[in-house]
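Take a look at the structure set out below.
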Amino acid sequence: MDTDDTQSSSLIDSQMETEETPRLYFSKSLIGSPKPVKVGELQTLLKSLHEQLKDLDQNIDQSSLATVTKELVHKQIIKHPNKTARALAACCIADIIRLHAPTCPYSASELKTVFKLFVDQLGFFGKETSDFPYHFYLLENLQSVKTFLLLGEIEGPEDIVFPMVAEFFEVTAKASLPRNVELCMTDVLIQLIEDVGILGQEMTELILEQFERFDKYFSDILLSMSNSTDQNEDLEEIRKAHQLMRKVNSINPDLLLNAMPLLQEEMKVDHLGIRQLATETLGEMFAEESSNVAEKYPIIWKTWLGRRNDKSQSLRAKWLDLCVDICKNHPESVPELIECFKEKFTDPDDKVRATACRIVGEIGIEHDCKTMDKNLVELVGARAKDKKNPVRVEAMATIGTIYNNCYQRIQANDKLAIDKAGWIPDLVLSCLYLGDLTVQANIESILQTFIIPEDDNDADRAERLVTVVHSLKDKQKVALLALLQKQKLFNENMLTFVEMCEKNIDHSETSEHDAIKADEFMKYLAARFSDKARTLNALRSFRHRENQADIKLLRNAIDLNRTCKQVNTAKTKLLANLTDDQSAIVDIFQSILNRACPLILNKSIIAHLLKMAKLNKSRRATPATQRSLVAQKILSDMSTVYPSMYTNNLKDIINDIMSDNDSTADEGLQLLSEISKASVGEMKFKDEMVERLTAYVSEGSVEQAKHAATALAAMKNADLALVDPVAEWSDDFYINSRALLSRLTSFAQFALYAPGLIDPHIGSLIRFVEGNLLTTKTKEFNKKNDEWEPYDDLPELSKQKLTGVRLLVNYLIASKDSSELENFAINKIFTILWDLMDVTCESALADETNAAETSHLRLGASQSIVKLTQFHRYLSELTVPKFEKLSIALQDACYYVRQEFAESLMKGLQSGQVHSRYYTLLFICAHEPEIALLKQVKSFIQKRLSVMEVKQGESSVVDSSLVRLIHLLAHHPDFTEAVEDLNDFSQYFKFFISCVATPDNVSFLYHIVQQIKISKDMVAEELSKQNSYILSDLACLLIKTKCKDASWPLNAFGGRVSLQSRLYRALPAGAVQAETIKKSYLPKEFLTKFEDEHKHKSGEKNLHFLSFHVTIAPGQSTCDDKADKTAKLFVETVGKSNGHYAVESNGSLRVSNDGKVNGFDESGTEIGRTP
C-alpha cells in the first residue's frame, strides 16, 4: 500500500514538472517603422490579441506580455484615428492590467493616458456603432476588476473621470440602454465615490443635478402604470422608483419637492398595490430621524393619516406598523397618532385590532408616566376581552409589557405610575370571568411573563406578588384564588401523568387496560385547554418518547417542594429539549407548564412573606401596614391551596403561636389550621403546644377556638388524646353560656376532622340544637328587620344556630363511611334541615323575630342537603318530591338566598362536586326579577354546554334535564290550568329553549317531551299525571314555535330514549298510548290566545316587509339641520324571518309602526323622515 502511494505521488510531481505555464503567443509587432501598420492589418492583429488575452488567467507567464504591454500604450495605438482600433486597444490594455493585478505595469503618466482612452471609449454608449461589443467588454472588465481604483495613483483624477460620469448620466437620461449596461455603470459610479473617493464639489453638483428630473421620471412611471396592460410588471418599476425616492429623501429631501404631490395622489388611486407603496414610502419618510416632511407637507401628512381608514385591512394594519418608528423618532407626533390609534381598537377586522394592540406595546409610551395616555392603555386593556383570540393575545401582551416596565415605579409607590398602570393585573384577572379556556391560558402566560415574571431573587418575587395582589379588587382576588386552585388540581393531575410516563418506560408493567386508561386520562387533561386535539397529541407524543431525562425534568418542574429557581431551571431545560426534538409540541407544553409549575406561589417565598406579615402592625393605614395585611392574606390563601409547601416553615409558625404577641399568634394559628387540614391524623405536637392549643379552645375567641380545634383534630391519635377535654367542653352546651359560640365552632371542626370525638355526644348535641337552640327565638334585629344581613352583623344567637346546624352537617360529612353512625342521627339531622327550609321571613316578621336569621338558615339547609346527598350513604334522603322541594330556594323571597344558592349550584356543577341533576333547578330561575342573576345563570348554562363533549347522536345531561323540569313543574304548588298560569309557566320553557335549544338538538328535545305523553307519572296522583301532559304539550308548542321563527328543521328523532324511571314509566303500548299522544291537553282558551299573540307578532314583521327608496338632502323640508352631507339610503328587506334591512351609504334606517322611514347618520342623530 505504501509503495503504491509513493509511485502515485512521483507520477503527479513528474506531470507538474512537465506542465508548461500558460503564456501569450503573439510574435508580431503592433508598431510599424517607419510607417504605422495599415488599419486593416492593425485591426486584425488587435482582434487576435484581444481574443487571446480575454481567455488568459492571472497564472500566465507575465514575461510573455512584456512586448504587447509596452506597444499598446504607444501613441500609434492610443491615438490611432480609427475608432475600432482604439476600442480594441482599450480592451487589450484592460486585460493587460487585469493579468498583472494586483500590480500595475504602467507608470503614472502612462496610466493617465490609458484612463483618458478608457473614458473616451465609454462615451460611445447610446450612439449607433458597430463597436458596441468592445465598449461593453471594456465597461464590464473595468467594473469587475475594479480598475478605476488605480486612479488613486495619479494626480487630478476628477478631471479625467468627470466627463465619463457626465456622459453616463446624459446617456441614461436620453437613451434606452440594456439593463446590464446600466448596472455596470452604476457599479462604476459607486466605486468612484466609495472606493476612490471622488466626490468633489463639481461631482456632487453633477449627481444632485440628476435628481431634478426625478419628478418627471416618477410621473412617467405612474402614467405608464395607468395605461399598461401588464400592471404587475409596471408595479415592480414603481417599487424601484419608490426605493429611489426613499434613498433620495435620506440624502436631500428638497429634491423631492415636485414628487411629493405625486405620492399624495398615489395614496388615492384604486390600485391597492400603488396605495400601499405610497403609504409605506411616506411612512418611512416621516419616520426618518432627521425628517421634517410631516411639518413641511401638512396636507400630505393629513392624507397619510387618512390611510388608517383605507378599505383594505392589510393597508390599515401596515399603516399602524409604520407609525411605530414615527413615534420613536418624532415624539411631537405621538399625541396626534395616539388619537388615530384609538379608532383602530374597534376596527371591524381582527387583524387590524390585533396590530393596534401590538404597536402600542412597541412605541414605549410607558417610559414617561407624565405623558402616558391612560385612556389609550385602557382601550388596549378592553381588547383583552375581544371576541377574537389573536386580538386578546396581543392586548394582554401589550398591557403586560407596560406593567412590567412600570413596575419599579409602582413598587416605589409612585402615585402617577399606580394610577396609569397599577390597575393592569386587576384587568388581566377580571378576564377569568369570561370562562374561556383560551383566555385562561393567555392569562397564565401573561402572569408568568410580565406580571410576576421569572426572578431568582425570592425576596423580590415575594415583594412583587404582594404589590400585585394589593392592586386587586376583591372580585379579582377571588379570581386569582380560583385560578391557583385550578392550577393546584392540574398540578396533581400532571403528577399522575408523570407517573404514567414512568410506568410506560417499563413495557412489562403496562397492560392494554393501563394503556386505555392512560389515554382516557390524557383526554381528560387535554379537555382543560382550548385546542384539545393538539394538546392530546402533545401529551401522547411526550409519553411515547419514553425519554427518562425529560420525564424527570417534568417531575422536577411541577414539584411543589422545589424552589422557584429549581422549577424555572427544569422548565427551561425541558422546553429546550423539546425544541430540539419535537418542536411542534413546544408551545402546547409551554401552556401546560404555565399551569402546572408552582411559580406564582412557591415554597421559597414563604419565609419572606412571613417576615413581611409581621412588620408594621400599627393601627394606622400606612402603605407598609397594607402590604403586611396583603402578605398575611397571601399566606392564608397559600396554606389553603398548597399546605404542603409549609413543611419547612412549620417550626417558625409554631414559635409564632407560642409567642406572647397576640397578632402574630393569631396569624400562626390560621396558617397551622390550614396546614393541618392537608395532613389529618399526621400532625405531631409537643405537650406545651397541645396545652396552648387547648387553652385557645377553652378561653380564646371564636376564630382562635376554630383554628386551634382544627389543629388539635388533625393530631395523631386525636380520638384518644382529646377525649377528656371534649367531654369537659360538652358541659358548656346551654343557651346562656358565654362560651357557647366558641364551643359550637370548635365542635364543628372536631366533627369534620375527628368525628370519633363527637360519636359519644352526638345524641345530646342533636337534642340541644333541635330542642333548645333552634327553638329559642331571636328577638334582636335592626329597625327594619331586613330579610338579609351579612353573617358578621347577625346577633350572637343567630350565629350560634347557624354554627350548631353546621356542626351536625359536618358530622354527617365526616361519618359518611363510619360504621358508628346511627340511622337515628341521619334521620334527625335531615329532618332538621328539611324543616329549616320551611322557616320563612314572613313567619319571623309575624313573630317579631330576626328575619335575616331565617334567610341564612334556609340557605344553609338547602346547601347542606345538596352537599350531603352527593354521598351514596345519604342519597336515599333525596326522594323525587324532596329534590323538587329544593327548587323553592331559587324562588325564595330573599334575593341573597336565591343568589347564593344558585351560585353554589353553578360552582358545584362546574367542578363536578354536584350531580348533573341540579341543572334542572337552574331553569327555575326563569322568573328571576334580578336581571344580573338571570343573565349569570343563562351564561353559565351556555358555557357549560359549549365545553361538554357529546358524542354524535347522543344528548347532553342538560338536554335531558328538560324531563326533570317538566316533572318538577307538574308538582309545583303554583301550577293550575288557568290561562294566566300557563302563560307564567311557559316562561320556564322559553328560558330553557333560549339556553339549550340548537338546530342540532331540537329534534331530541321535542322527542323526549313527546315521550312524557305516553308515560305515567310515578310519583303523583291522577291530577299530577294530567299536569305532566299539559306541560308536555306546552313545551312541544313552544319548541315548534321556536323552530318556525328561527327556520330550524324539526325532523323525526332516530334514536331511542328512556325517561328516568323514578319520574315516568311507559304506558301500555296500543290504544292507551295512541289516545294520550293524540289528545291535546292544553285548554282551548290558551291555544286561541297564544295563536292570536303569535299572529300579531308575525304581523308586525310583515308590516315591515316593504321596499323604500329615500333621498334626503340638506335644505329639504324633511331634513334636520344637523345633517352635514346628503344621506342617501336605499333600503330593502333582506328576509321575512328577521326583518333586517340593507342600508347603502353611511347611516342606518328605522321603520316605525306607522310605516314611516326615519334616517339616521353615523352618530345616531336623526337626519330625516318621510312625510
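Going letter by letter, the sequence shown gives residues 53 to 1223 in this note's numbering.
The C-beta atom is built at its ideal place from N, Cα and C for all residues, glycine as well.
What's the gap between the Cα of residue i and the Cα of residue j?
i       : j      : result
Asp1011 : Val989 : 16 Å
Ala436  : Ile652 : 21 Å
Ala473  : Val240 : 57 Å
Ser159  : Ile129 : 17 Å
Glu418  : Asn457 : 7 Å
Ala449  : Val518 : 22 Å
Val166  : Ala142 : 8 Å
Ala1126 : Ala978 : 33 Å
Ser115  : Ser302 : 51 Å
Leu258  : Ala218 : 7 Å
Thr398  : Asn310 : 37 Å
His126  : Val120 : 10 Å
Lys623  : Pro442 : 25 Å
Leu721  : Leu702 : 11 Å
Ala137  : Leu260 : 36 Å
Glu207  : Arg291 : 41 Å
Gln328  : Ile503 : 38 Å
Check the C-beta distance from residue i over to residue j and give it rounded, since I have them as a contact under 8 Å.
i      : j      : result
Tyr186 : Leu140 : 6 Å
Val521 : Lys527 : That pair is no contact at about 13 Å.
Thr699 : Ser725 : Contact flag wrong, Cβ pair sits at about 16 Å.
Ile390 : Phe338 : No, Ile390 and Phe338 are not in contact; Cβ-Cβ is about 15 Å, not under 8 Å.
Leu97  : Leu82  : 6 Å
Return the chain-ordered list of same chain residues with a C-beta closer than 8 Å to the C-beta of residue i, the five sequence neighbours on each side being excluded.
i       : result
Lys1094 : Ile1045, Ala1049, Val1054, Trp1100
Leu687  : Ile658, Leu661, Leu662, Ala665, Glu719, Leu723
Gln42   : Outside the modelled stretch of the chain, which goes from 53 to 1223, sits residue 42, for which no answer is possible.
Leu825  : Ile787, Gln852, Lys853, Gly856
Gln104  : Leu76, Tyr77, Phe78
Gln801  : Lys758, Ala761, Thr762, Ala765, Asn862
Val404  : Gln365, Arg368, Ala369, Leu372, Lys396
Excluding the 5 residues flanking residue i on each side, which residues of the same chain have their C-beta closer than 7 Å to its C-beta?
i      : result
Glu952 : Leu911
Leu533 : Asp689
Ser907 : Glu839, Trp840, Cys893, Cys946, Tyr948, Val949
Asp478 : Ser523, Leu524, Lys525, Gln528
Glu72  : none
Ile470 : Ile462
Within the continuous alpha helix (DSSP H) that includes residue i, where are the two ends?
i      : result
Lys226 : 209-226
Thr972 : 971-974
Tyr186 : 184-197
Tyr694 : No alpha helix (DSSP H) holds Tyr694; DSSP gives it neither H nor E.
Arg744 : 739-751
Ser582 : Ser582 -> no alpha helix (DSSP H), and no H or E assigned at all.
Met414 : The sequence shown places Glu at residue 414, rather than the Met named in the question. Note, Glu414: alpha helix (DSSP H), 402-414.
State the start and end residues of the unbroken beta strand (DSSP E) segment that holds residue i.
i       : result
Asp1069 : 1067-1069
Arg1117 : 1116-1118
Grab me the residues of residue i's own chain with a C-beta within less than 6 Å of its C-beta, minus the 5 sequence neighbours each way, in chain order.
i      : result
Ser482 : Gln528
Glu980 : Leu986
Glu210 : Ile250, Gly252
Gly433 : Ile451, Leu479
Asp107 : none
Let me check you understand the geometry: is the CB of residue i closer than 6 Å to at least one non-hydrogen atom of the ligand FMN?
i       : result
Lys1065 : Judged by which ligands are present, the structure shown has none, so any question about the ligand FMN falls away.
Closest Cβ-Cβ distance between residue i and chain D: below 7 Å?
i      : result
Leu489 : Considering every chain present, this structure includes no chain D. It has just one protein chain.
Given 8 Å as the limit, is there contact between the region 935-942 and the region 867-879, that is, 3 or more CB pairs closer than that? no
Count the C-beta pairs between the region 817-833 and the region 882-901 that are closer than 8 Å, then say yes if the count reaches three, no if not. yes
Is the region 542-561 touching the region 590-597, taking contact as three or more C-beta pairs under 8 Å? yes
Would you call the region 563-578 and the region 615-623 touching, i.e. three or more CB-CB distances under 8 Å? Result no; under three Cβ-Cβ pairs closer than 8 Å.
Touching by the beta-carbon criterion (3+ pairs, under 8 Å), the region 742-758 and the region 777-793: yes
Per the contact definition of three or more C-beta pairs closer than 8 Å, is the region 1076-1086 in contact with the region 1028-1046? yes
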